[in-house]
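Respectively, the protein sequence lines represent chains A and B. Residue 28 in the working numbering is what sits at position 28 of the first sequence, and the numbering runs on without skipping anything. Residue 25 in the working numbering is what sits at position 25 of the second sequence, and the numbering runs on without skipping anything. Heads up, the beta-carbon is just placed ideally off N, CA and C, and yes, glycines get one too.
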Amino acid sequence: GIQVEQSPPDLILQEGANSTLRCNFSDSVNNLQWFHQNPWGQLINLFYIPSGTKQNGRLSATTVATERYSLLYISSSQTTDSGVYFCAVGDTDKLIFGTGTRLQVFP
Amino acid sequence: DGGITQSPKYLFRKEGQNVTLSCEQNLNHDAMYWYRQDPGQGLRLIYYSQIVNDFQKGDIAEGYSVSREKKESFPLTVTSAQKNPTAFYLCASSITGTYGYTFGSGTRLTVV
Chain A
1 GIQVEQSPPD LILQEGANST LRCNFSDSVN NLQWFHQNPW GQLINLFYIP
51 SGTKQNGRLS ATTVATERYS LLYISSSQTT DSGVYFCAVG DTDKLIFGTG
101 TRLQVFP
Chain B
1 DGGITQSPKY LFRKEGQNVT LSCEQNLNHD AMYWYRQDPG QGLRLIYYSQ
51 IVNDFQKGDI AEGYSVSREK KESFPLTVTS AQKNPTAFYL CASSITGTYG
101 YTFGSGTRLT VV
């Protein structure tokens with residue numbers, strides 16, 4: 001099956017800093033999504049981005065499907081950005097998740 | 001408001017007991033999924049169902065069972081055969097053929 005790897009596994013930032021999270025996947029995919037899991041466990045979809053670039057406020061994402069990677073950019077980070085960020089790719093009829101990047105933002 | 005509800009939020013089980021986690025959705029989604037999350041790890045797929053009365057095993061189905069008798073409901077039973085059941089369990093639903101998942105808020109199961 002498809003393998004999904006994320007880096008870095010942990011990231012500690014001070015408020016206001018920028019960061020880049022990476023997702024590598026082992027096979028061609030027609031679906032790639034980024035999720036944020038808050039400290040209480042709730043998962044929220046951030047982007048559906050099988051290719052190209054999208055932006056939503058301070059967050060943006062880029063997927064280069066031909067090179068099998070995606071990047072999530074967080075600018076001017078805030079304490080509310082803390083949590084775990086997951087990349088997930090579509091495999092036939094289900095999503096396969098990476099192991100996540102745990103982000104901690106301190107004031 | 002439409003959504004997906006998991007209950008209970010916290011569950012404690014004695015070793016050797018079966019326990020059932022509830023997942024209900026009112027989004028009219030055909031597909032439902034169960035994932036397991038261990039500390040510091042990603043989500044691993046346990047079971048999923050694309051339609052009523054049908055379901056498929058995911059990557060870690062051993063020690064678990066499910067049923068899908070109604071479109072709205074997809075309960076997960078953690079059996080005594082599951083050797084390491086302590087984990088956070090997440091249920092999700094989607095329209096079949098799409099990947100627009102909606103997640104529940106999860107059930108944290110602890111074996112005592």
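DSSP puts residue i in a beta bridge; with which residues?
i, result
"E24(B)", "T5(B), S73(B)"
"G52(A)", "T63(A)"
"R13(B)", "V111(B)"
"V84(A)", "Q37(A), R102(A)"
"N24(A)", "E5(A), Y69(A)"
"L11(A)", "L103(A)"
"F55(B)", "Bridge partners of F55(B): none, in fact."
Measure the alpha-carbon distance for residue i versus residue j and round it to whole angstroms.
i, j, result
"S60(A)", "F106(A)", "21 Å"
"Y101(B)", "N45(A)", "8 Å"
"L11(B)", "T66(A)", "44 Å"
"D10(A)", "E15(B)", "33 Å"
"G106(B)", "L43(B)", "12 Å"
"L13(A)", "L72(A)", "15 Å"
Kindly indicate which residue of the options has the alpha-carbon position closest to the one of residue i.
i, options, result
"F103(B)", "L43(A), I2(A), V4(A)", "L43(A)"
"A17(A)", "S82(A), N56(A), G98(A), L32(A)", "S82(A)"
Between the segment 46-54 of chain A and the segment 21-28 of chain A, do at least 3 Cβ pairs fall closer than 8 Å? no
Quick one: any contact between the segment 25-38 of chain B and the segment 72-91 of chain B, if contact means 3 or more CB pairs under 8 Å? yes
With 7 Å as the limit, tell me which residues of the segment 23-43 of chain A have their beta carbon closer than that to any beta carbon of chain B; keep them in chain order. Listed in chain order, the positions of the segment 23-43 of chain A with a beta carbon within less than 7 Å of a beta carbon of chain B are N31, Q33, G41, Q42, L43.
Closer than 7 Å between beta carbons: that is the criterion. Which residues of the segment 83-100 of chain A meet it against chain B? F86, G90, D93, K94, L95, F97, G98, T99, G100
What are the residues in the segment 43-75 of chain A lying within 9 Å of chain B by C-beta distance? L43, I44, N45, Y48
Below 9 Å between beta carbons is the criterion; list the residues of the segment 52-81 of chain B that meet it against any residue of chain A, in chain order. Those residues of the segment 52-81 of chain B that come within reach of chain A (Cβ to Cβ, closer than 9 Å) are Q56, G58, D59.
Could you name the residues of the segment 16-33 of chain B whose beta carbon sits closer than 8 Å to any beta carbon of chain A, in the order they occur along the chain? A31, Y33
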